[in-house]
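**Q**
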Amino acid sequence: MIDLEVPKKLLPLVRQAGALADEVFRPISRKYDLAEHEYPRELDLTSALIDGLSDSGASQGAGARGSTRASDDVPAGVGSGRSTKDKGANRNGTNLSSVLSIMQTCRGDVGLTLSLPRQGLGNAAIAAVANDEQKQRYGNRWAAMAITEPETGSDSGAIRTTAVKDGDEYVLNGEKIYVTSGERAELVVVWATLDRSLGKKAIKSFVVERSNPGLRLVRLEHKLGIRSSDTAAFHLQDCRVPAQDLLGDPEIRTEGGFGGAMQTFDNTRPLVAAMAVGLTRACLDTTTALLKEAGVEPDLDAPLHSQPHAAARLVQMEADYESAYLLTLRAAWMADNGRPNSMQASMAKAKAGRTCVDVALACVELAGATGYAETELLEKWARDSKILDIFEGTQQIQLLVVARRLLGLSSTQLR
1 MIDLEVPKKL LPLVRQAGAL ADEVFRPISR KYDLAEHEYP RELDLTSALI
51 DGLSDSGASQ GAGARGSTRA SDDVPAGVGS GRSTKDKGAN RNGTNLSSVL
101 SIMQTCRGDV GLTLSLPRQG LGNAAIAAVA NDEQKQRYGN RWAAMAITEP
151 ETGSDSGAIR TTAVKDGDEY VLNGEKIYVT SGERAELVVV WATLDRSLGK
201 KAIKSFVVER SNPGLRLVRL EHKLGIRSSD TAAFHLQDCR VPAQDLLGDP
251 EIRTEGGFGG AMQTFDNTRP LVAAMAVGLT RACLDTTTAL LKEAGVEPDL
301 DAPLHSQPHA AARLVQMEAD YESAYLLTLR AAWMADNGRP NSMQASMAKA
351 KAGRTCVDVA LACVELAGAT GYAETELLEK WARDSKILDI FEGTQQIQLL
401 VVARRLLGLS STQLR
């Protein structure tokens, strides 16, 4: 049974991540919002600290790099009095520690969180589906993830980038856009199809060295938000990748859909939901403080109709925040405990993404001229929020996944 209290063993990690948000990310947030595409050098020391914590085990694998499934070595639930070998043992592992730490760092800045070396979404993809040898080989390297194409966004099964077997290599050809950390990362996890005629069943993911001559950086995108995070477009032309760098099972399983590739989303969607939850918390805390200065304080126990509109609106948004927070914890906890969580991961992503956008815009409105000005970070957070409702699957796609799971229908039966 999931315990809604933060495990005691993870409290130091949460405090450290909170301090990182308040003392490092928040003070430089505006600087790198204005200096788009400039690498935040302040993160190098932070990254070294995270690496040290990960190597010592003190961080419980915090960040995307550490995300894993319950089949890996994860600690027993704090206070459970049982080891991981015990039947029914509750595990609070790296998925839960990752979402808790990301919630904190994203109170400081989402783009800077995405810019932390070796904490990319590609690292989560490797952790989700790679074999032990691949995890050993790539575990300490920074990996971006390339799924989206010019004509393929939400429908990942329509990917047109091809992978053709040629001896001990695969030859990749295609185009990828909106690759988070694409320029800075050392590796890029590229989704490609082994056979276009088979649709999503033939989609596989490949680890491509950023230095591969067949992987050419086309441009860096200028974006609405998360501007401190670089977002790249790539062209793959006769890009040769060793066969051993195909993640997971190389066989096309016609009965298994995406197979290992799709399992990536079960890990990464709770991470993105955690980013949204963290940004939502930042908006609510700042707006609550600003309204308190103006003499408006919400009462969580009083009826909404008896409170000023601004106070009542804050109470409503706190309720939305709480539901997004709990859904995200559930999805991560299920992953740690080896339970299928595809529907719950989509629920968390859908609720957290929509809540983040709604709350960020409402907070700009409630703060009036201060919310719209650059004297506070509210207007920046409103810009940052939108991507969290889009990447790793749009709001609409998440709701579609949930509907299919609830109704027991396939993707061909419910579109």
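First residue of the sequence shown? That's 1 in UniProt numbering, and the numbers climb one at a time after it.
Cβ atoms here follow ideal geometry from the backbone N, Cα and C, with glycine treated the same way.
1) Using beta carbons (cut-off 8 Å, strictly below), is residue 191 in contact with chain B?
2) The beta strand (DSSP E) that contains residue 309, what's its start and end?
3) With C-beta atoms as the reference, is residue 181 less than 8 Å away from residue 230?
4) Distance, Cα to Cα, residue 105 vs residue 271?
5) Considering only the alpha carbon of each residue, which of 400, 409, 314, 209 lies closest to residue 188?
6) Using the three-state DSSP reduction, which class does residue 267 fall into: helix, strand or coil?
7) In its own chain, which residues sit with a C-beta less than 8 Å from the C-beta of residue 321, not counting the 5 before and 5 after it?
8) If you follow the beta strand (DSSP E) that residue 122 is in, where does it begin and where does it stop?
9) Taking residue 158 as the reference, give the member of 196, 316, 112 with the closest Cα.
10) Under DSSP, the beta strand (DSSP E) around residue 172 begins and ends at which residues?
11) With 16 other CB atoms within 10 Å as the buried threshold, where does residue 151 fall?
12) Under 6 Å Cβ to Cβ from residue 263, same chain only, skipping five residues before and after it: list those, please.
13) Among residues of its own chain, excluding the 5 on either side of residue 341, which ones have a beta-carbon nearer than 6 Å to its beta-carbon?
14) Should residue 141 be labelled buried (16 or more other beta-carbon atoms within 10 Å of its own) or exposed?
15) Taking Cβ to Cβ, would you say residue 29 is nearer than 8 Å to residue 108?
16) Here's the rule I'm using: 16 or more other beta-carbon atoms within 10 Å means buried, otherwise exposed. How should residue 268 be labelled?
17) Excluding five sequence neighbours on each side, which residues of the same chain lie with their C-beta closer than 7 Å to the C-beta of residue 371?
18) Counting C-beta neighbours from all protein chains within 10 Å, is the total for residue 90 16 or more, i.e. buried, or is it exposed?
19) Hey, residue 386 and residue 224 are a contact pair by Cβ (cut 8 Å); roughly how many whole angstroms apart?
20) Could you spell out where the beta strand (DSSP E) holding residue 191 opens and where it closes?
21) Where residue 6 and residue 33 are concerned, what is the direct C-alpha to C-alpha distance, given to the nearest angstrom?
22) Using CA coordinates, which residue listed in 240, 219, 376 is at the minimum distance from residue 289?
23) Buried or exposed, going by whether 16 or more other CB atoms sit within 10 Å of the CB of residue 353?
24) Is DSSP giving residue 251 helix, strand or coil here?
25) State yes or no: is the C-beta of residue 149 within less than 8 Å of the C-beta of residue 241?
26) According to DSSP, simplified to helix, strand and coil, what is residue 272?
27) Relative to the C-alpha of residue 38, which candidate in 17, 115, 50 has its C-alpha closest?
28) Got a sec? Which residues, its chain only, sit under 8 Å from residue 36 by beta carbon, not counting five neighbours each side?
**A** The relevant details are as follows:
1) You won't find chain B in this structure, because it holds only one protein chain.
2) Unbroken run through residue 309 is the alpha helix (DSSP H), 309-336; no beta strand (DSSP E).
3) yes
4) 12 Å
5) 209
6) In this structure, residue 267 counts as helix in the three-state DSSP scheme.
7) 277, 280, 281, 284, 355, 359
8) From DSSP, residue 122 is part of no beta strand (DSSP E) but of the alpha helix (DSSP H) over 121-129.
9) Answer by Cα proximity: 196.
10) Taken as a continuous stretch (DSSP letters only), the beta strand (DSSP E) holding residue 172 covers 169-180.
11) exposed
12) 128, 129
13) 266, 331, 334, 335
14) With 16 or more Cβ atoms within 10 Å of its Cβ, residue 141 is classed as buried.
15) yes
16) buried
17) 363, 364, 365, 378, 379
18) The residue is buried, with at least 16 neighbouring Cβ atoms inside 10 Å.
19) 6 Å
20) Per DSSP, residue 191 belongs to the beta strand (DSSP E) from 187-193.
21) Spanning the alpha carbons of residue 6 and residue 33 requires a straight line of approximately 32 Å.
22) The candidate whose alpha carbon is nearest that of residue 289 is 376.
23) By the neighbour-count criterion, in which 16 or more other beta carbons inside 10 Å mark a residue as buried, residue 353 falls on the buried side.
24) coil
25) no
26) helix
27) Relative to residue 38, the option among 17, 115, 50 whose CA is nearest is 115.
28) Hits under 8 Å: 222, 223, 227, 228.
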